[in-house]
Amino acid sequence: MPTNLSSRWWLDILIPIASIVGLLLVWWLVVVAFHIPSFVLPTPMATFQAIGSDWATIAQGILVTSQSFVLGFVIGSALGFLLAIVMSQSELLYRFLYPVLIITQAIPVVAIGAALVIWLGFGLAPKLFIVGLIVFFPVLVNVLDGLHSVDRDSINLARAMGASRWKIFTLVRLPATFTPLFSALKMSATFSVTGAVLAESTASTTGGLGVYLAIQQSRFNTAGVFAAIVVLASIGLITFLLITSWEIAATPWRRTSVVPRRRRFGKTLAAAASGTGEQASVEAVHSLSRP
Amino acid sequence: MTTTTASPVKIELRDIVQRFDANLALDNTSLTINEGEFVSVVGPSGCGKSTLFNILSGILTPTEGHAFIDGQDITGQPGHVGYMLQKDLLLPWKSALENITLGKALHGRVSTQDRQDAADMARRYGLGDFLNHFPHAMSGGMRQRVALMRTLSFARDVMLLDEPFGALDSQTRLEMQEWLLQVWQETGSTILFVTHDVEEAIFLSDRVVVMSPRPGRIQEIINVDIERPRRIRDLTDPRFMAYKARALELIYGNAKAGA
Ligand SMILES: Nc1ncnc2c1ncn2[C@@H]1O[C@H](COP(=O)(O)OP(=O)(O)OP(=O)(O)O)[C@@H](O)[C@H]1O
Ligand SMILES: [Mg+2]
Chain A
136 MPTNLSSRWW LDILIPIASI VGLLLVWWLV VVAFHIPSFV LPTPMATFQA IGSDWATIAQ
196 GILVTSQSFV LGFVIGSALG FLLAIVMSQS ELLYRFLYPV LIITQAIPVV AIGAALVIWL
256 GFGLAPKLFI VGLIVFFPVL VNVLDGLHSV DRDSINLARA MGASRWKIFT LVRLPATFTP
316 LFSALKMSAT FSVTGAVLAE STASTTGGLG VYLAIQQSRF NTAGVFAAIV VLASIGLITF
376 LLITSWEIAA TPWRRTSVVP RRRRFGKTLA AAASGTGEQA SVEAVHSLSR P
Chain B
18 MTTTTASPVK IELRDIVQRF DANLALDNTS LTINEGEFVS VVGPSGCGKS TLFNILSGIL
78 TPTEGHAFID GQDITGQPGH VGYMLQKDLL LPWKSALENI TLGKALHGRV STQDRQDAAD
138 MARRYGLGDF LNHFPHAMSG GMRQRVALMR TLSFARDVML LDEPFGALDS QTRLEMQEWL
198 LQVWQETGST ILFVTHDVEE AIFLSDRVVV MSPRPGRIQE IINVDIERPR RIRDLTDPRF
258 MAYKARALEL IYGNAKAGA
């Protein structure tokens, strides 16, 4: 982890912005330099214009698609997380369920789209199913890995202290799943947007972005197609950013050496002395708390 | 087993036998330790030292025999003794202070008083500036200090230390030994200490239990009759040399005879 870079917050913001601007610039340069006609690849400007001119429909599409995407994402990851916990409690269950889960992953989502419509109808259900299926497996596998990564001796130590199974689970095993859980969520964030679009193209009658994309495609409106692509990519990107922020807040030990302010011992005094550095504030607490 | 102190018996292992399938890890082992004693256990790898500790800490129920603390049968019952290993086993997501109060957290809530007590102890033992640090931001020596304080804060009465300083460099190790003796004197704890280092065992202990493997059993108990506080120069005291020679002979003597 490049701590020397991430310690300056403005670099955390500036560098990604610069890289996105750079990407748009390359896109624009390619179109201009190779004289690519706009029906093959529109310029970034033309694409943004297309988004602006059709904003009412696209905004509606964002709402519809986000709904199935967010719901499916939350349900899929929650189920993956819960099943991982259940499977970690029983070796037998683990061995029994693992092959079944691998099979669910081997099924191509595209292929079952039509079947899902027959089973679940044209509503939200088949979309949630497809998005959920995409997050479900990475979350399950990563959380299981996290639960198994806990040192046997750590658990023995907690047992020697007379801790209950539940306390050992919540204090020793559960926090070990955070880091792998967030990896899985970040990995699937962008991928499940694709899942939502795919689901809409097979099972949607309402105006989601997937439907919008299909319509623009059938009209050979390349700018419209790219408008949809850019909006979809943005949804994936924003989700990724939200998850990353949550990860930073939830796993502070991975990037800082001191616990967050609210967990600090002598935090009020430390807060009063903030800005003078960690050492100074701790010293202040130290000297003040002595009678 | 010839101590004639007036202190009451703190720990008793009575006729312990531990089998792992066909492997006899401990064969008919009995040991009595008085309150406030510092006893070390040495012996070759696999002679059952850690097994003995697992039985005393209650996480392993022996095939036969019983373990007592303060006369109470605690065989197979965890939660009566503090336990520390070579690995510090600090939880990476908890601060030094939160790791010290882990025992309390595992039994419910950590009160403000618990935190205050832990902080006072940490400051007294030179960890004041690192109360709020995550383990990854601390040196190996500091982490072991935190681990020992976690043990102290959970059960200062009886502490089982299984090669606690085995992973430290010799400099830090010496500091930690002196610190441990200081803690022991201040708290009056009963300490059972496993090490591979015969010098460390003699330097720290009132008695040194020498074990032999296959099957694991107690071979001899050496009474270390050197006054406290111990000093570095005691390491070259003729009595010290004699104890060391005896212990090494017990551990390696058989191997030499066989060669
Ligand atoms: N849970 C277990 N299952 C099976 N065998 C075990 C188990 N724990 C220990 N043993 C065996 O019991 C014997 C004693 O092991 P133990 O860990 O107590 O030795 P030790 O004296 O602590 O060795 P070391 O100095 O290497 O730490 C060894 O032969 C070991 O393989
Ligand atoms: Mg051992």
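Chains as they are written, first to last, in my numbering: chain A, 136 to 426; chain B, 18 to 276.
Note that CB positions come from ideal geometry on N, CA and C, so glycine has one too.
| query | result |
| --- | --- |
| Lysine 66 of chain B: CB within 6 angstroms of a non-hydrogen atom of ligand 2 | yes |
| Near-chain C residues of the stretch 264-292 of chain A - C-beta to any C-beta below 9 angstroms | This model lacks chain C altogether, as its protein chains are A and B. |
| Proximity of valine 215 of chain B and valine 59 of chain B at Cβ, strictly below 7 angstroms | yes |
| Inter-residue Cα distance where the pair is leucine 197 of chain B and aspartate 254 of chain B | 22 angstroms |
| beta-carbon alanine 295 of chain A near ligand 1 non-hydrogen atom, thresh 6 angstroms | no |
| Reference valine 98 of chain B, options B:Gly158, B:Arg245, B:Ile76, B:Leu148, closest by Cα | B:Ile76 |
| Top-ranked residue by Cα proximity to valine 26 of chain B, from B:Ile208, B:Arg263, B:Glu81 | B:Ile208 |
| Limits of the unbroken beta strand (DSSP E) element including tyrosine 100 of chain B | 99-101 |
| Distance, asparagine 116 of chain B Cα to tyrosine 347 of chain A Cα | 54 angstroms |
| Near ligand 1: glycine 63 of chain B beta-carbon under 6 angstroms from a heavy atom | yes |
| Selection from B:Gly205, B:Ser170, B:Leu106, B:Gly158 that minimises the alpha carbon distance to aspartate 186 of chain B | B:Gly158 |
| Proximal residues of chain A, C-beta to C-beta of serine 2 of chain B below 7 angstroms | No answer is possible for residue 2 of chain B: the residues shown for chain B start at 18 and end at 276. |
| Cut-off 6 angstroms between Cβ atoms - residues of its own chain near histidine 83 of chain B, not counting five sequence neighbours on either side | Arg31, Asp90, Thr92 |
| Separation of aspartate 286 of chain A from serine 203 of chain A, as counted between CA atoms | 39 angstroms |
| Heavy atom of ligand 1 within 6 angstroms of phenylalanine 264 of chain A beta-carbon | no |
| Three or more C-beta pairs below 8 angstroms linking the stretch 155-170 of chain B and the stretch 124-143 of chain B | yes |
| Which listed residue (B:Lys104, B:Gln94, B:Ala122, B:Val225) has its alpha carbon closest to that of isoleucine 235 of chain B | B:Val225 |
| Beta-carbon proximity list for alanine 185 of chain A, same chain, < 6 angstroms, skipping 5 on both sides | Ala358, Gly359, Ala362 |
| Cβ pair leucine 165 of chain B, alanine 113 of chain B closer than 7 angstroms | no |
| C-alpha gap between proline 177 of chain A and leucine 149 of chain A, whole angstroms | 27 angstroms |
| For phenylalanine 317 of chain A and serine 229 of chain B, the rounded distance between their alpha carbons | 49 angstroms |
| Residues sharing a beta bridge with serine 188 of chain A, DSSP | Partner(s): none; serine 188 of chain A has no beta bridge. |
| Alanine 42 of chain B CB to nearest heavy atom of ligand 1 below 6 angstroms | yes |
| Residues bridged to methionine 228 of chain B (per DSSP) | B:Ile235 |
| Backbone CA spacing between leucine 306 of chain A and phenylalanine 216 of chain A [nearest angstrom] | 17 angstroms |
| Chain B residues whose Cβ lies nearer than 7 angstroms to that of phenylalanine 400 of chain A | Leu114, Arg132, Ala136, Leu148, Asn149 |
| Isoleucine 50 of chain B - DSSP class collapsed to helix/strand/coil | strand |
| Contact under 7 angstroms by Cβ, valine 332 of chain A with isoleucine 370 of chain A | no |
| Any C-beta of chain B under 7 angstroms from that of alanine 298 of chain A | yes |
| Proximal residues of chain B, C-beta to C-beta of leucine 306 of chain A below 8 angstroms | Leu108, Leu119, Ala122, Leu123 |
| Whole-angstrom distance between tyrosine 269 of chain B and asparagine 277 of chain A, CA atom to CA atom | 48 angstroms |
| Boundaries (first-last residue) of the beta strand (DSSP E) holding glutamate 244 of chain B | Per DSSP, glutamate 244 of chain B belongs to no beta strand (DSSP E) and is neither H nor E. |
| Beta carbon proximity, isoleucine 33 of chain B to chain A, threshold 7 angstroms | no |
| Classification of proline 152 of chain B by the beta-carbon crowding that lies within 10 angstroms, buried from 16 upward | buried |
| Chain B within 7 angstroms of serine 380 of chain A, Cβ atoms only | no |
| Buried/exposed call for asparagine 45 of chain B, threshold 16 Cβ in 10 Å | exposed |
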